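Down below is the structure, laid out as structure tokens.
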Amino acid sequence: MREFSKAELQALYEPLPPEACNRIQDTLALLPLQKEEPIMKRRISIGLLAALIAILGLTSAALAGGILGRIQINWKGEKIIAAPQITQAPYHTNSPSALEEQHQMQSISQRIDALANEFPSRDLIVSTWKDQGAATISYRGRSMITDTLDQFLAFMEKAPHLPPLHILPEGYTFQKAEIYLACQEGSQYTLAETRETEGITLQRYTADPKDDVITGYHLILEKEDGQRIMIYCHLYTQSDLNDLCADLAEDSIVEMMDAPGMDNALRIVTNDRAGHILRKELDAPIPCLNEFIFSTEQVEIRPTLYQEVQFHNSAPLEDEQALFMLLGIAP
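Under our numbering, the very last position in the sequence shown is 320; numbers go up by exactly one each time.
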């Protein structure tokens, strides 16, 4: 399985101090692994991690102060017991051997990403790299980048299971959207190509576009002054309302809110930005091929039953009402 190096995290979000990178790595280390099965890892893409950092409005100063693992809340807006501190791993040290390993992993990671990006974004790419007999496996999920609002809205017409967007906020323009794709149950991925280069094996899986299911998107709107509204929307399996919903800064203000059309909604104010975490159960579950089980050099793609949709949003406090109007959830 692949880990994020400190250098990778700093490259993704340049202002992050090393301490914040360590805390993010500790948090990622807590992600559950499936037992009594081949080891599974849903690779969290660097782009998605950047999106979540930005959407939650986490500043480098706050991260340096230790926000991750400090204040955790559930869907009821209640604070829950923080995860235990993780003993620092070797990559936290500055020893010559650790720094050399970090540099090597960063180089390999960059090379894997560069090779994967040579393939169409609609393709699933599974990458395997071996070191002293141990295999590191990661994957790049399927997606589409849209560069215009019209393209984005055309794709959204194919996703009636996702709540529609409404009024575009005044003063904001469309910047970019990434749309996430899976295959409907009963379809299949086809291994179209295997490529080996520089000790890295890449397997390219294709799928018939008619079998596409849109599982979510990441949308960015921007003002002339650089202020942004960001929306991350994605399908999820059923949530336990008592379970972890978010990690927050110590100075964040959290409250439950009434969001018409949503089953649960939290409002989070951090500095001069307002964030929202919303969930809504689907009218009917959506089965997709979107769970990846890795075993040695094999990958098995299994069905996932999506039962709800979640939004993770962020906007300047002064434009929070405009965000509500965009989502059609104005209180």
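For glycine and all other residues, C-beta sits at the position ideal for the given N, C-alpha and C.
Bear in mind that the values here come from a model prediction, so they are computed numbers and not experimental data.
Measuring alpha carbon to alpha carbon, tell me which residue in the options is nearest residue i.
| i | options | result |
| --- | --- | --- |
| L306 | V258, K212, Q299 and L104 | V258 |
| I218 | M314, S110 and E297 | M314 |
| Q227 | L237, N253, A238 and I126 | N253 |
| L191 | D102, A319, W64 and Q91 | D102 |
| I97 | G188, A143, L138 and K165 | G188 |
| T135 | E89, I209 and D308 | I209 |
| T204 | K165, N231, H150 and Y178 | H150 |
| P324 | D139, D308, V202 and D214 | The displayed coordinates of the chain run from -10 to 320. Any statement about residue 324 would go beyond what the structure contains. |
| E185 | S116, Q99 and I69 | S116 |
| K119 | E309, M94, P320 and L113 | M94 |
| E206 | P85, H92, L88 and N302 | The question names Glu, but residue 206 in the sequence shown is Tyr. Ranking P85, H92, L88 and N302 by Cα distance to Y206 puts N302 first. |
| E289 | Y295, E297 and L278 | L278 |
| S241 | H223, Y221, I220 and A263 | A263 |
| P198 | Y178, F141, E211 and D261 | Y178 |
| D200 | Q216, C172, E211 and E89 | C172 |
| E211 | E239, N106 and A304 | A304 |
| I220 | F163, E213, N260 and D214 | F163 |
With a 10 Å radius around its C-beta and 16 neighbouring C-beta atoms as the bar for buried, classify residue i as buried or exposed.
| i | result |
| --- | --- |
| E244 | exposed |
| Q299 | buried |
| I156 | exposed |
| D308 | buried |
| D229 | exposed |
| D236 | buried |
| A238 | buried |
| H92 | exposed |
| A105 | buried |
If contacts are defined as beta-carbon pairs under 8 Å, then residue i and residue j qualify, I think. What distance do you get, rounded to the angstrom?
| i | j | result |
| --- | --- | --- |
| Y128 | F281 | 6 Å |
| L180 | Y194 | 6 Å |
| E174 | P274 | Their Cβ separation, rounded to whole angstroms, is 10 Å, which puts E174 and P274 out of contact at 8 Å. |
| R100 | L113 | That belief does not hold up - the Cβ atoms of R100 and L113 are roughly 19 Å apart, past 8 Å. |
| S176 | A196 | 7 Å |
| L316 | L154 | 7 Å |
Taking 6 Å as the limit between beta carbons, can you name the residues of its chain near residue i, skipping five residues before and five after?
| i | result |
| --- | --- |
| T183 | Q192 |
| K165 | I209 |
| E270 | D252 and E297 |
So if DSSP puts residue i in a beta bridge, which residue, or which two residues, is it bridged to?
| i | result |
| --- | --- |
| C277 | Q173 and T293 |
| F163 | L210 |
| L154 | Beta-bridge pairing links L154 to no other residue. |
| I168 | M133 and Y206 |
| W118 | T125 and I189 |
| Y194 | L113 and L180 |
| L233 | N63 |
| E244 | R256 |
| G264 | I257 and S303 |
| R100 | For R100, which the question treats as bridged, DSSP gives no partner whatsoever. |
I'd like the list of long-range same chain contacts for residue i, defined as Cβ closer than 8 Å, with 5 residues on each side in sequence excluded.
| i | result |
| --- | --- |
| I318 | A248, P249, G250, M251, A254 and L267 |
| G66 | V243, E244, M245 and L255 |
| M133 | S110, R111, F144, E167, I168 and L170 |
| E159 | A311 |
| P320 | M246, D247, A248, P249 and F313 |
I'd like to know whether the C-beta of residue i is nearer than 9 Å to at least one C-beta of chain D.
| i | result |
| --- | --- |
| L224 | Reference to chain D is not applicable here, since this structure consists of a single protein chain. |
Tell me which residues share the same chain as residue i and place their Cβ nearer than 7 Å to its Cβ, disregarding the 5 neighbours each side in the sequence.
| i | result |
| --- | --- |
| L233 | Q61, N63 and I69 |
| N231 | N63 |
| F108 | I114 and R193 |
Is any non-hydrogen atom of the ligand NAD found closer than 8 Å to the C-beta of residue i, if you look at the structure I gave you?
| i | result |
| --- | --- |
| Y169 | This structure simply doesn't include the ligand NAD, nor any ligand for that matter. |
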